[in-house]
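Here the structure is laid out as structure tokens; the discussion comes afterwards.
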Amino acid sequence: MHHDTPRTFLSQPIAGTETDDPASTLPPVHRASTIFLPTLSHLKSADWRNRSQPPYGRDGSRAACELETRLAHIEGARQALVVSSGLAAYALICMALLSPGDVVAMPTNGYGTAQQMLRNVFHRFGIGIVLYDPMAPDTWAEAVPPSTRLLCVEAPGSVTMEVPDLRRLAGLAGERGCIAAIDNTYSAGLHLRAFELGFHVSVQALTKLQSGGADLVMGSVGSVREDISRSLCETRHFLGMHVSPDDIYLVLRGLPTLSLRYAANTEASLRLAEWFSEKKEIAAVMHPAFRGSQGHDHWKRYFTGATSLFSIAFDASVETEKIEAFLEALTLFHFGFSWGGPTSLVMLYGRESASTRHFERSHPGAGCIARFWLGLEDGGDLAADVANAWSSAFDA
Numbered sequence: 001m002h003h004d005t006p007r008t009f010l011s012q013p014i015a016g017t018e019t020d021d022p023a024s025t026l027p028p029v030h031r032a033s034t035i036f037l038p039t040l041s042h043l044k045s046a047d048w049r050n051r052s053q054p055p056y057g058r059d060g061s062r063a064a065c066e067l068e069t070r071l072a073h074i075e076g077a078r079q080a081l082v083v084s085s086g087l088a089a090y091a092l093i094c095m096a097l098l099s100p101g102d103v104v105a106m107p108t109n110g111y112g113t114a115q116q117m118l119r120n121v122f123h124r125f126g127i128g129i130v131l132y133d134p135m136a137p138d139t140w141a142e143a144v145p146p147s148t149r150l151l152c153v154e155a156p157g158s159v160t161m162e163v164p165d166l167r168r169l170a171g172l173a174g175e176r177g178c179i180a181a182i183d184n185t186y187s188a189g190l191h192l193r194a195f196e197l198g199f200h201v202s203v204q205a206l207t208k209l210q211s212g213g214a215d216l217v218m219g220s221v222g223s224v225r226e227d228i229s230r231s232l233c234e235t236r237h238f239l240g241m242h243v244s245p246d247d248i249y250l251v252l253r254g255l256p257t258l259s260l261r262y263a264a265n266t267e268a269s270l271r272l273a274e275w276f277s278e279k280k281e282i283a284a285v286m287h288p289a290f291r292g293s294q295g296h297d298h299w300k301r302y303f304t305g306a307t308s309l310f311s312i313a314f315d316a317s318v319e320t321e322k323i324e325a326f327l328e329a330l331t332l333f334h335f336g337f338s339w340g341g342p343t344s345l346v347m348l349y350g351r352e353s354a355s356t357r358h359f360e361r362s363h364p365g366a367g368c369i370a371r372f373w374l375g376l377e378d379g380g381d382l383a384a385d386v387a388n389a390w391s392s393a394f395d396a
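What follows is the structure in structure tokens.
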């Protein structure tokens with residue numbers, strides 16, 4: 001095999017790197033707390049910083065190192081680290097990079113649980129939090145104070161799906177002298193080259209697209225800066241963050257099909273977005289790749305692909321009972337948190353939710369929001385299911 005064959009980052013999830021068994025696609029599962037070291041010399045020189053030969057099970061296994069290497073190659077990071085969840089990835093960057101008196105700037109359309117974590121946990125350690133509107137650059141100067149140490153971005157927003165001007169936000173972090181971190185879960189590292197835009201840190205929920213099976217929870221943190229990578233690695237070690245070796249294997253198994261699953265129902269989601277946009281009961285369709293969606297031009301500028309996640313906002317005049325009747329009539333969409341797995345999902349965000357209130361500020365007259373994830377079912381069947389459920393609720 002010629003190891004100098006050129007390959008794009010899209011081939012990396014399949015090609016991988018070297019494994020213990022060159023005849024197999026994936027490295028074997030290593031379940032171990034104690035790791036036998038071959039000689040006394042190896043024991044004396046054992047160092048948890050050696051990612052190619054972890055000395056203890058808590059620091060991972062060769063399979064975990066292989067997964068981290070593949071994730072780093074996909075996204076273009078200097079180093080990637082896996083943790084127990086996407087939320088744990090946010091916690092790790094805060095623990096590693098912040099000190100008392102520092103401020104985190106969080107986007108109003110971002111991951112709500114991360115905002116709650118900062119308010120409920122990190123606030124006790126003297127960490128401040130401010131919210132800024134990523135789609136309103138004229139307000140950034142006032143909303144993001146000079147004491148900001150960490151500027152977080154999510155693209156697109158996890159419910160309202162806006163895509164901000166990412167290069168401009170990374171530039172704002174540069175002006176403030178702070179670290180720019182992006183939640184790159186939506187692109188899975190495949191379709192947004194965040195580090196090339198000036199971001200220093202990327203967090204992802206591997207729970208979603210990399211796993212693909214909706215049967216595990218995992219997150220990752222990647223960086224291009226040596227000092228940040230060193231701090232992240234050290235903090236993870238001393239916090240004892242560990243990921244199950246069986247879950248490591250499952251994500252490694254999911255990577256070769258990642259790019260196929262990512263785009264499996266993109267076209268079907270765009271057809272549904274078009275269908276919803278023609279309904280008088282719908283105030284807005286939120287799909288980064290759909291014309292008219294907020295930040296669509298930024299998506300075209302920065303992204304090279306879209307997946308089948310999108311939201312719709314009902315007109316405020318639509319009765320909640322009818323909206324719920326529509327969703328209850330769906331037979332191929334299940335109610336549940338998260339997205340990215342093989343099964344189609346739908347979530348409802350009521351008028352009182354933070355996401356709905358955020359969206360209403362820029363879209364007066366909008367009401368409840370429903371978010372759809374199209375899994376691996378037939379796209380035509382999903383469209384027919386939506387049409388039938390709509391007719392039973394709104395055309396009866």
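So the sequence shown is numbered by full-length UniProt numbering: it starts at 1 and just counts up by one. Beta carbons are placed, not taken as given, at the ideal position from N, Cα and C, and that holds for glycine. All values derive from a computational prediction rather than experimental measurement.
Between Leu172 and Ser147, what straight-line distance do the alpha-carbon atoms span, to the nearest angstrom?
So the alpha carbons of these two residues sit roughly 13 Å apart.
Take Gly112 and list the residues in its own chain whose beta-carbon comes closer than 6 Å to its own, dropping the five residues that flank it on each side.
Contacts found: Ala354.
So, using beta-carbon positions, are Phe335 and Ala389 closer together than 7 Å?
Against a cut-off of 7 Å, the Cβ pair of Ala389 and Phe335 comes out as no contact.
Quick check: what's the CA-CA separation for Arg230 versus Asn50?
Each residue's alpha carbon lies about 12 Å from the other.
Report the option in Leu272, Ala316 and Ala393 whose CA atom is closest to the CA atom of Glu328.
Closest by alpha carbon: Ala393.
Are the CB atoms of Ala370 and residue 399 within a distance shorter than 7 Å?
Nothing in the structure corresponds to residue 399, since the chain is present only between 1 and 396.
What would DSSP say about Leu37, mapped onto helix, strand or coil?
If DSSP states are grouped into helix, strand and coil, Leu37 belongs with coil.
Since His363 contacts Thr108 with CB under 8 Å, what's their CB separation in whole angstroms?
Not quite, the Cβ-Cβ distance comes to about 13 Å (not below 8 Å), so this is no contact.
Quick check for students: name the residue ranges of the alpha helix (DSSP H) that lie wholly in the segment 332-379, counting only runs of 4 or more.
You should have 354-362.
Using C-beta distances below 7 Å, list every residue in its chain close to Ala46, excluding the 5 sequence neighbours before and after it, in chain order.
Closer than 7 Å at the Cβ level, and outside the excluded window around Ala46, lie Leu37 and Pro55.
Please list the terminal residues of the continuous beta strand (DSSP E) segment that includes Arg149.
It spans Thr148 to Glu154 - the beta strand (DSSP E) in which Arg149 sits, taken as one unbroken run.
Three Cβ pairs or more, each shorter than 8 Å: is that satisfied between the segment 147-162 and the segment 174-183?
Touching, yes, given that three or more Cβ pairs across the two stretches are closer than 8 Å.
Between Gly189, Val217 and Arg361, which lies nearest to Trp339 when the distance is taken from Cα to Cα?
Nearest C-alpha to Trp339: Val217.
Please work out which residues of its chain come closer than 6 Å, Cβ to Cβ, to Glu360, disregarding the five sequence neighbours upstream and downstream, and give them in chain order.
Excluding positions up to five away in sequence, the list reads Ala366.
Roughly how many whole angstroms lie between the Cα atoms of Ile282 and Phe333?
Looking at the two C-alpha atoms, the distance is approximately 19 Å.
Identify, in the order they occur along the chain, each residue of the same chain with its Cβ nearer than 6 Å to the Cβ of Thr304, setting aside the five sequence neighbours on each side.
His191, listed in sequence order.
Note down, one range per segment and in chain order, each alpha helix (DSSP H) of at least 4 residues found wholly within the segment 170-244.
As far as the segment 170-244 is concerned, its whole alpha helix (DSSP H) runs of at least 4 residues are 226-239.
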